[in-house]
Amino acid sequence: MRFAFSPEDENFRAASRDWLADNVPRGTRPLRGPALRDFDLAWQRTKFAGGYGAVSWPVECGGAGLGPVRQMIWYEECARAGAPSVGILSIALGHAGPTIVAMGDAAQKAAFLRPILRGEAVWCQGFSEPGAGSDLAGIRTRATVEGDHLVVNGQKIWTSQAQHADWQELLVRTDASAPRHKGLTWVVCDMRTPGITVRPIETIAGEQHFCEVFYDDVRIPLANVVGGLNGGWRVAMSTLASERGAAAASRIFDLCRLVERLVSLARARRGADGRPMIDDAEIAARLAMHRAEAAALRSLGYAMISPGATASADEARGRDAGSLAALLFLHFGELVQRVRETGLTILGAGALALSGEDGDLVRGFLADRMHVIAGGTAEIRRNIVAERVLGLPRGDRA
Ligand SMILES: Cc1cc2nc3c(=O)[nH]c(=O)nc-3n(C[C@H](O)[C@H](O)[C@H](O)COP(=O)(O)OP(=O)(O)OC[C@H]3O[C@@H](n4cnc5c(N)ncnc54)[C@H](O)[C@@H]3O)c2cc1C
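For reference, each letter of the sequence shown is one residue, going 434 to 831 in the numbering used here.
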């Protein structure tokens, strides 16, 4: 297929670039605690005030209604400007909000969407449990209906940003007698409800990225159920499709920048023979390959969301948005690992003792392992691509 930006797209790019030049926060983003939450919410408020709070969300939901191509252009310009990422708002903006846009009722849209856009609410995702990650349909956290409430008991794990969150997209088992996928419910949980305990977990990168969350008779209004009681699997699949697409799309351009940073680093640093690392044929070849692969990923991202792509033969072959997102997410996650490894090779044996910007590359190497695990591991993405994009037979599993 052939993809080209329209004159309106180019105008949007120019306006975004100007706006970012004037508005990107100058300070350093704090790494943890209430200061981190304040920083990310303040950046969202600034973007919302400028009309960039949610470029692709529909206008009636508070967004700019500009569609996915302009959303990608916005991400690209943010990376170019060195703007902060959406940070701890990635769940609210990347998949909780989009799920409510797609499947919430009018009252839920009115209650939950604008506080996200106005930079007033942080969300987290309560899907994974000990023993149920890849096998999401195996979750055991249960909820029973009591009057006009669900009463929840159980445990979630790896819940990113739960310590900062006001709300949670929570998947619970509401019918233990139904087939595994049919007894689940997707519900919005107020994280300040009595009975919730949050315990942060330290990652290898030294961050408190995620938490364990325990539920002890937690009461949630039935009005917060999205997609109907026992209709949660379909809603969760919509969430995961948004999550995989948003996670990859928003980070492709940061990855392109990282590759260019490594090229500069390889020019500046000298190897054991005293020559610039870029003169090492193997390093030069690896960097050239990363640059080509990152450019291909960028093109793939734009091609997959361009208007022509959705009405193509792909759709006729049954390739839904979720499986295409898994393809992009798989390619992105694995390329990040290769690029990060090249970064460590360039830094050399003393990498772990480095601080400042070079030390950040080591921390990035550790933190970016998540991109082949979170949102579905690389193996699970491969299964989706094999079955739903390539049409191969389903493997043996429950
Ligand atoms: C940084 C980070 C943030 C996260 N944030 C969240 C969050 O906010 N909310 C949330 O709910 N979860 C979150 N997760 C959890 C994440 O979704 C799970 O870790 C992931 O789905 C894998 O599940 P698991 O850890 O239980 O591993 P398992 O499912 O036990 O998998 C173990 C290994 O077996 C492989 N495997 C399993 N099944 C198959 C299969 N059918 N075919 C081939 N290989 C298979 C996997 O690929 C993996 O290598 C996060 C994880 C990380 C690392």
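For every residue, glycine included, the Cβ atom is placed at its ideal position computed from N, Cα and C.
Item to check | Residue span of the alpha helix (DSSP H) that contains His-804, given as start and end | outcome: Careful: His-804 lies outside any alpha helix (DSSP H) and carries neither H nor E.
Next on the checklist: For a test of your reading of the model: does the CB of Ile-806 fall under 6 Å from any non-hydrogen atom of ligand 1? Yes or no.
Outcome noted: Yes, Cβ of Ile-806 sits closer than 6 Å to a heavy atom of ligand 1.
Item to check | Expected contact under 8 Å - CB spacing of Trp-556 and Gln-601 to nearest Å | outcome: 7 Å
Checklist entry - Within this structure, are the beta carbons of Gln-558 and Ile-521 separated by less than 7 Å? => result no
Checklist entry - Apart from the five residues on each side of it in sequence, which residues of its chain come closer than 6 Å, Cβ to Cβ, to Leu-757? => result Its chain contains Met-737 as the residues whose beta carbon lies nearer than 6 Å to that of Leu-757, once the 5 sequence neighbours on both sides are disregarded; these appear in chain order.
Checklist entry - DSSP beta-bridge partners for Thr-592? => result Paired residues: Cys-644.
Checklist entry - Tell me which same chain residues have a C-beta within less than 7 Å of the C-beta of Ser-671, skipping the five on either side of it? => result Thr-532, Ala-535 and Met-536
Next on the checklist: For a quick check, are the C-beta atoms of Leu-762 and Ala-674 less than 7 Å apart?
Outcome noted: Leu is not the amino acid found at residue 762; the sequence shown has Phe there. Not in contact: Phe-762 and Ala-674 (Cβ atoms no closer than 7 Å).
Checklist entry - In chain order, what residues of the same chain have a beta carbon less than 6 Å from the beta carbon of Arg-547, not counting five sequence neighbours either side? => result Gly-495
Next on the checklist: With a threshold of 6 Å (Cβ to nearest heavy atom), would Gly-566 be considered close to ligand 2?
Outcome noted: This structure lacks ligand 2; the ligands present are ligand 1.
Next on the checklist: DSSP has His-582 in a bridge; who is on the other side?
Outcome noted: Glu-579 and Pro-654
Checklist entry - What's the gap between the Cα of Ala-746 and the Cα of Gly-766? => result Any answer about Ala-746 is weak, because its pLDDT of 46 lies below 50 and its placement is not dependable; what the coordinates show is given next. When rounded, the distance between both Cα atoms is 27 Å.
Checklist entry - So Ala-727 packs on Val-692, CB below 8 Å; how close in whole Å? => result At roughly 5 Å, the Cβ-Cβ gap stays under 8 Å, so Ala-727 and Val-692 are in contact.
Checklist entry - Within 10 angstroms of its Cβ, does Arg-814 collect 16 or more other Cβ (buried), or is it exposed? => result buried
Next on the checklist: Suppose contacts are defined by Cβ-Cβ distances below 7 Å. Is Phe-445 in contact with Tyr-735 by that definition?
Outcome noted: no
Checklist entry - Can Thr-419 be considered in contact with ligand 1, in the sense that its beta carbon sits closer than 6 Å to one or more heavy atoms? => result Summary: the structure shown does not reach residue 419, with the chain confined to residues 434 through 831, and so no result is reported for it.
Checklist entry - If you follow the beta strand (DSSP E) that Asp-608 is part of, which residue opens it and which one closes it? => result Secondary structure note for Asp-608: it is in no beta strand (DSSP E), with a DSSP letter that is neither H nor E.
Item to check | Phe-647 and Leu-550 closer than 7 Å at C-beta | outcome: no
Item to check | CB of Thr-574 within 7 Å of CB of Gly-587, strictly | outcome: yes
Checklist entry - Closest by CA to Arg-513, which one among Phe-798, Ala-699, Arg-694 and Pro-633? => result Arg-694
Checklist entry - Alpha carbon to alpha carbon, how far is Gly-484 from Leu-780? => result Their Cα atoms are separated by approximately 41 Å.
Item to check | Classification of Asp-451 by the beta-carbon crowding that lies within 10 angstroms, buried from 16 upward | outcome: exposed
Checklist entry - Using a threshold of 6 Å, is the CB atom of Trp-600 nearer than that to any non-hydrogen atom of ligand 1? => result no
Next on the checklist: Which same chain residues end up closer than 8 Å to Arg-677 when comparing Cβ atoms and leaving out the 5 residues on each side of it in sequence?
Outcome noted: Gly-755, Ala-758, Ala-759, Leu-761, Phe-762, Gly-808, Gly-809 and Arg-814
Item to check | Same chain, Cβ closer than 8 Å to Thr-775, neighbours up to 5 away in sequence not counted | outcome: Leu-695, Ile-716, Arg-719, Leu-720 and His-723
Item to check | Cα-Cα separation, Leu-604 to Val-620 | outcome: So the alpha carbons of these two residues sit roughly 6 Å apart.
Item to check | As assigned by DSSP and simplified to three states, the class of Asp-747 | outcome: Because Asp-747 sits at a pLDDT of 49, beneath the cut-off of 50, its placement in the model cannot be relied upon, and the point is left open.
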